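Sequential numbering from 208 applies to the sequence shown in the numbering used here.
Think of the CB as a built atom: it goes at the ideal place given N, C-alpha and C, for glycine as much as any other residue.
Only a predicted model underlies this, so the values are computations on that prediction, with no experimental measurement involved.
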Amino acid sequence: MGKRQNRQNDTISRLTKKQKKHLKEFGEEHPFHDNVSDKTERTQIVHLRDSPQRPQRKNIDESDDDLEPEEQPSAYQKLLGTLMQPETDSEEDESDEEEEELIEEEGSGLESEQDGVEEEEVADEEEDDPGPVLKEDEVEAGGALDGDDPEVGQAGDEFTDKKHESQFCLESNITAEGDPDEADDTTTQGEEDPFLKHVDTELSEEEVKLIADGRRTKTQVKWPRLGNLISTSCLERFPAPGQASSVDIPPLHKALQANWASLNQALQPQGAPQQELSDLQRELLGLMGTYRDVYVPECSPLTDAKEVRSAYCLHVLNHVLKANSNVLTHNAQLKDGKIGEDDARDQGLTRPKVLIVAPFRDGVLQVVQTFIHLLEPKEKKMDVSNKKRFKDEFSEDPEDRPSNLIRPDDYHAIFSGNVDDHFRIGVSILKRSIRLFSPFYSSDIIIASPLGLRTLLGVEGEKKRDFDFLSSIEVLVLDQADVLLMQNWEHVLHVMKHLNLQPLDAHGVDFSRVRMWNLNSWAKYYRQTLVFSSIQEPQINNILTKHSFNYRGQVATKNLPKTGSICQVLVQLPHVFQLFSADSFMDQDARFQFFVDKVLPQYRDSVMSHTFIYVPSYFDFVRIRNYLKKEETNFTSISEYSQRSEVSRARHYFQKGNIQLLLFSERFHFYKRYTIKGIRHLIFYGLPTYPHFYSEVCNMLQAGADGVDSASWTCTALYSRYDAHKLAAIAGAERAAQMLQSKKPVHLFITGEDKAS
């Protein structure tokens with residue numbers, strides 16, 4: 208007991224007068240652990256504003272730990288309260304004896320209290336200290352930022368971040384005078400800037416009615432790289448674009464001017480001359496800069512995908528940076544009283560301006576890497592918060608992919624990297640900083656898969672659903688729309704139905720800054736839709752014809768294929784194309800009835816065993832499967848939902864001839880690309896969605912054909928006049944036109960060479 212008392216006395220003797228006074232009033236030491244010296248420094252008191260909206264700190268990665276109004280005062284705040292009035296030396300001298308008497312009375316309980324106080328002080332220091340700025344890979348998942356919280360990014364947590372909302376609020380930031388990174392260069396361009404011309408255009412009610420009625424005029428023009436452009440206009444004052452030479456690349460924001468020229472360095476083959484932009488990118492940027500809807504259905508994943516992605520990333524960043532710079536400039540002008548509130552309408556009802564829909568996580572990785580490349584200053588590291596977490600979640604684990612996987616080149620191009628299809632991520636951009644995993648209502652760009660958005664949007668009647676963050680989307684990008692079609696197109700349509708609706712909550716918006724066309728529920732008439740696909744498909748076309756209302760019109764490329772994929776069939780095979788009558792594109796009953804009455808009876812004989820039935824639509828697949836079960840036909844089936852053991856068993860029995868018919872879904876072929884052995888007779892219930900699938904399936908006849916007479920092989924394909932685009936891609940444009948105009952319902956083609964002759 209004596210030793211313990213001596214330790215306490217030694218500790219007390221080393222305290223300053225101010226610390227002794229604090230110990231008397233609070234029963235704990237000063238949390239800043241003042242160094243004992245002959246002369247103590249006077250404490251500086253900083254008065255914080257009560258308003259939750261403060262000027263943003265220099266770096267977006269720094270923590271913001273302001274207390275919410277409903278929280279109780281912390282020990283640190285109590286301490287500040289005791290130091291508000293400076294004590295004089297005489298007051299300290301008078302209280303010395305009282306402090307020593309109080310400490311002696313507390314006795315042994317002091318040591319245990321101080322041990323607990325020490326841990327509490329360390330925790331308070333960690334909370335109040337914003338810590339160092341996190342850059343690049345130093346950012347750890349689960350750090351101090353709200354985006355690092357593992358819960359952020361889950362359903363229900365993308366939308367609120369009260370603790371750090373002020374850090375990413377555009378209204379609380381002001382452009383510093385002379386700041387080259389955030390200076391608004393839209394004002395220098397004036398009315399010539401396409402961004403300002405687009406967002407400042409005011410529509411009349413008569414013009415809105417014309418757009419809603421769907422009255423459009425079409426014109427056609429040919430460009431060197433994109434080919435034939437079909438331009439659709441709704442209003443006379445916004446005519447179709449002219450020749451490629453008359454459409455220039457739009458002016459870029461100052462933050463992009465340093466790096467955009469090196470956009471294609473990583474895409475150029477080694478030793479090739481460096482190009483600032485390819486011909487495809489130059490024409491795409493010219494079209495996108497006019498803020499028309501753009502549909503390009505000829506983006507090959509092997510040759511064009513990377514160039515197209517880089518082009519729309521540049522356009523998206525240019526749009527976001529100019530919109531944010533416009534807001535920051537108006538903030539400064541409002542503060543100085545240079546403009547009135549009615550002159551500063553520069554925002555939507557919610558902050559997200561761009562929605563990028565991608566099929567897989569690897570696409571998000573490529574997009575974000577392009578953003579960083581375009582924004583990163585030369586010879587400097589860019590502040591990217593949550594970068595390590597982003598790499599962990601969106602990059603591919605090398606162990607997940609077998610090294611000896613033998614598949615076609617287009618398969619490797621589509622399924623390279625992380626192919627998870629359930630994701631969503633918010634990206635906010637401010638002052639040369641990118642914040643990943645930002646809450647949706649603090650984000651400028653949202654990148655998500657249809658499934659990731661579908662789980663948030665919900666359906667009518669669900670309690671936990673939110674689609675307000677889609678209310679002010681100004682640019683929509685559907686990347687690899689053909690792959691989205693192979694996932695679940697209903698999710699894409701569900702997202703389209705929830706775009707640009709009036710939000711149910713205000714979400715803290717300043718209505719004096721909201722554009723009038725947003726308040727009038729006319730946002731869908733100002734939204735630009737960019738759709739990129741590798742194939743022509745009516746369901747993808749439907750996005751532009753039924754869900755897009757851009758007042759500036761639409762531009763779509765439409766080039767007819769000269770040679771079809773049937774030319775890539777290597778086996779000697781007769782191809783019989785049979786035409787059936789249908790009332791519409793969705794008339795599936797006519798196709799099914801024709802198949803059951805005219806085609807299937809020819810293959811019920813045992814002589815016609817080893818018959819492979821290729822079905823593009825899963826709904827048709829289920830319908831045929833149920834019919835074959837009802838008829839007790841000797842068949843098996845393989846679909847994208849089949850277990851691995853079921854697939855192996857079906858392939859084995861079909862090859863051996865124990866099974867007469869094999870029902871095969873197109874989606875399984877898209878995701879797996881297995882080679883089915885033992886095929887002797889082919890039936891295409893519908894023409895494949897991808898033209899090259901036709902030749903791939905036909906060439907499967909070579910597999911396991913040892914000892915089989917190739918003269919007995921047959922191939923039958925069903926089509927209607929609504930399959931013109933698919934027929935042209937398979938048989939060629941000229942042949943397809945003759946087949947559709949002919950009065951004969953059956954057409955025969957023979958491919959391959961007779962090696963015996």
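Straight across, the Cα-Cα distance linking E414 with A688 is about 30 Å. Of the residues assessed, N865 falls on the exposed side of the cut-off, its CB having fewer than 16 other CB atoms within 10 angstroms. S592 has R642 as its beta-bridge partners, per DSSP. In the displayed model, N435 falls within a strand according to three-state DSSP. Each residue's CA atom was taken as its position, placing A763 and Y825 some 29 Å apart. Under DSSP, the beta-bridge partners assigned to H888 are T818, T921. Assigned with DSSP and collapsed to three states, Q427 falls in strand. By a beta-carbon distance limit of 8 Å, Q709 contacts S728. Their separation comes to about 6 Å.
Look at the beta carbons and you see the segment 510-530 touching the segment 566-582: at least three pairs across the two are nearer than 8 Å.
Take Y892, set aside five residues on each side of it, and the residues of its chain with a beta-carbon closer than 8 Å to its own are R798, F802, I820, Y821, V822, P823, D827, I831, L925, in chain order. In the DSSP assignment, V829 falls within the unbroken alpha helix (DSSP H) covering 825-837. Runs of alpha helix (DSSP H) with 4 or more residues, each lying fully within the segment 846-919, are found at 851-863, 873-879, 898-905, listed in chain order. Residue pairing for F784: DSSP places it in a beta bridge opposite A924, H954.
Under the 8 Å Cβ criterion, the segment 419-438 does not count as touching the segment 694-706, having fewer than three qualifying pairs. Counting along the chain, the unbroken beta strand (DSSP E) around Q761 starts and ends at 761-764.
By the Cβ criterion, the segment 763-777 is not in contact with the segment 704-719, since fewer than three pairs of Cβ atoms, one from each stretch, lie closer than 8 Å.
Q785 is positioned such that its CB atom lies no closer than 8 Å to that of T958. Residue range 512-543 is occupied by the alpha helix (DSSP H) that includes A530. For T736, the enclosing beta strand (DSSP E) starts and ends at 735-739. In the three-state scheme derived from DSSP, where H, G and I count as helix and E and B as strand, F601 is classed as helix. Put simply, of G547, Y901, S640, D407 the residue whose alpha carbon is nearest the alpha carbon of L934 is Y901. For the pair P745 and E505, the Cα-to-Cα distance works out to about 14 Å. When the Cα atoms are used, S855 and L663 turn out to be separated by approximately 37 Å. A straight-line Cα-Cα distance of about 9 Å links M793 and Y929.
The continuous beta strand (DSSP E) containing V501 extends over residues 500-503. Under the three-state reduction of DSSP output, A419 falls in the helix class. By the Cβ test, the segment 635-644 is not in contact with the segment 537-554, since fewer than three Cβ pairs between them sit closer than 8 Å.
For the pair V806 and T921, the CB atoms are not nearer than the 8 Å cut-off.
Annotation for D627: R568 place their beta carbon closer than 6 Å to its own, counting only its chain and skipping 5 residues before and after.
In terms of CA proximity to V783, I937 leads the group E669, Y881, I937. DSSP, reduced to helix, strand and coil, places I654 within a strand of the structure shown.
Inter-segment contact for the segment 458-469 and the segment 573-586 is present: three or more beta-carbon pairs are separated by less than 8 Å. Beta-bridge partners of Q554 (DSSP): V721. As the crow flies, the alpha-carbon of H701 is around 14 Å from that of L562. Where V406 is concerned, there is no enclosing beta strand (DSSP E), although the alpha helix (DSSP H) around it starts and stops at 401-406. Counting along the chain, L685 sits inside the beta strand (DSSP E) bounded by residues 682-685.
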